[in-house]
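The working numbering applies: residue 1230 is where the sequence shown begins, and numbers increase by one. Read through the structure below, which is laid out as structure tokens, and then see the notes.
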Amino acid sequence: MSEIDGITTVAVLGAGTMGHGIAQIAAAAGFTTRLYDVDEPRVGAGLQRIAANLQIGVDKQKITPDARESTLARLTATTDLRAAAAGADLVIEAVPEQLALKHQVLGVAATVASRHAILATNTSSLSIAAIAAPLPEPERVIGAHFFNPVHLMKLLEIVVADATDPQVVDRLRQFGARVGKECITIKDSPGFATSRLGLVIGLEAIRMVEQGVGTPEDIDKAMTLGYGFPLGPLRLTDLVGLDVRLAIAEYLCTALPDGAHFRPPALLRQLVAEGKLGKKSGEGFYRWP
1230 MSEIDGITTV AVLGAGTMGH GIAQIAAAAG FTTRLYDVDE PRVGAGLQRI AANLQIGVDK
1290 QKITPDARES TLARLTATTD LRAAAAGADL VIEAVPEQLA LKHQVLGVAA TVASRHAILA
1350 TNTSSLSIAA IAAPLPEPER VIGAHFFNPV HLMKLLEIVV ADATDPQVVD RLRQFGARVG
1410 KECITIKDSP GFATSRLGLV IGLEAIRMVE QGVGTPEDID KAMTLGYGFP LGPLRLTDLV
1470 GLDVRLAIAE YLCTALPDGA HFRPPALLRQ LVAEGKLGKK SGEGFYRWP
């Protein structure tokens, strides 16, 4: 693969929980940024959340009003996937964890993005090789796993498949540094590093609630006060989404040869079936305003 051009334009595909945050930090770092989602309500909600985050930053004197305005000025939103990705140097897919959907949006983006564009996926557990397989030039595909809330969390987990071009890795690390992230590089394997480690603790915490060992509040305090976790595993599960955690657990349970400890607890399945998905639905292990 020939030398990769510099990154000036970033396309973020998906304006939800992760996508709007990725778009925000890209625009704040000086990149021309396009945010895509399938309809106006989703795009509008993403823009509103970015504006709200920036205003909080101004109110707390973390950023200046001029920085807020310049960030918003570098950001555009669209419901046209091809327009969002056209000529982009870096495409970051942040759609739901469905392999076929990721193939669809990245497949379209690959046909209209810059010839040497990086095609990145924010998946938290799916195989990068499997995402890349049907795409033209799979060596351009790489994992760019950000964490919620994106504008506050410092980690970027870069996930590298066997086919990923080393230049793509280098350029994504440069991008990560530019947007203020500490980067780790992980080999493509089910659950990567962060999902495997975080999920096994989260699932065990759910089993403890299920077995009556303690309340969600007390189990979370065991980890925040006893082990210095910034957030308890059950509150984190509410923020990530119980449905998201269930899907990842089901995947890892079958994808890993020793995956039995990722078998989803009955309580997790029950709460998801009841529509108690965490913060986004107003209730999970906690009630949310």
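Glycine included, every Cβ here is placed at the ideal spot set by N, Cα and C.
Which residues does DSSP pair with residue i in a beta bridge?
i	result
residue 1524	Since the first residue of the chain shown is 1230 and the last is 1518, residue 1524 is not available in this structure.
residue 1414	1387
residue 1320	1240, 1348
residue 1371	1349
residue 1507	1512
Checking 8 Å against the spacing of the C-beta atoms, do residue i and residue j come in under that value?
i	j	result
residue 1242	residue 1313	yes
residue 1252	residue 1262	yes
residue 1350	residue 1387	no
residue 1439	residue 1496	yes
residue 1286	residue 1244	no
residue 1311	residue 1260	no
residue 1265	residue 1296	no
residue 1473	residue 1366	no
residue 1408	residue 1398	no
residue 1321	residue 1256	no
residue 1248	residue 1323	yes
residue 1417	residue 1510	no
residue 1358	residue 1391	yes
residue 1531	residue 1273	Nothing about residue 1531 can be read from this structure; the chain reaches only from 1230 to 1518.
residue 1464	residue 1449	yes
residue 1502	residue 1491	no
Excluding the 5 residues flanking residue i on each side, which residues of the same chain have their C-beta closer than 6 Å to its C-beta?
i	result
residue 1412	1385, 1387, 1402, 1405
residue 1420	1354, 1481
residue 1423	1386
residue 1485	1419
residue 1516	none
residue 1292	1286
residue 1305	1263
Please list, in chain order, all residues of the same chain as residue i whose beta carbon is under 7 Å from its beta carbon, the five residues on each side excluded.
i	result
residue 1468	1377, 1507, 1508
residue 1452	1458, 1461, 1462
residue 1330	1324
residue 1504	1510
residue 1500	1471, 1513
residue 1267	1308
residue 1445	1438, 1463, 1514, 1515
residue 1383	1410, 1411
Counting only the same chain and skipping the five closest in sequence on each side, list residues whose C-beta sits under 8 Å from that of residue i.
i	result
residue 1489	1482
residue 1332	1360, 1363, 1364
residue 1318	1234, 1235, 1236, 1237, 1238, 1239, 1342, 1343, 1345, 1346, 1347
residue 1337	1310, 1311, 1314
residue 1294	1287
residue 1443	1437, 1451
residue 1427	1462, 1465
residue 1290	none
Hey, would you say the C-beta of residue i is under 7 Å away from at least one heavy atom of the ligand NAD?
i	result
residue 1331	Here there are no bound small molecules, and the ligand NAD is not part of this structure.
Taking residue i as the reference, give the member of the options with the closest Cα.
i	options	result
residue 1236	1502, 1382, 1427, 1346	1346
residue 1270	1486, 1289, 1391, 1307	1307
residue 1282	1246, 1309, 1344	1246
residue 1430	1494, 1300, 1512	1494
residue 1344	1309, 1471, 1368, 1258	1368
residue 1476	1517, 1301, 1432	1432
residue 1498	1278, 1454, 1442, 1435	1435
residue 1339	1352, 1258, 1370	1370
residue 1278	1503, 1254, 1456, 1335	1254
residue 1524	1291, 1280, 1292	The requested residue 1524 does not occur in the structure, where the chain is confined to residues 1230 to 1518.
residue 1470	1513, 1400, 1299, 1291	1513
residue 1298	1504, 1466, 1445, 1258	1258
residue 1410	1487, 1427, 1375, 1441	1375
residue 1425	1383, 1487, 1441, 1455	1487
Exercise for review: Counting only runs of 4+ residues fully inside the region 1459-1489, write out the alpha helix (DSSP H) ranges in chain order.
Suggested key: Counting only runs of at least 4 residues, the region 1459-1489 fully encloses the following alpha helix (DSSP H) elements, listed from N- to C-terminal order: 1462-1469, 1471-1484.
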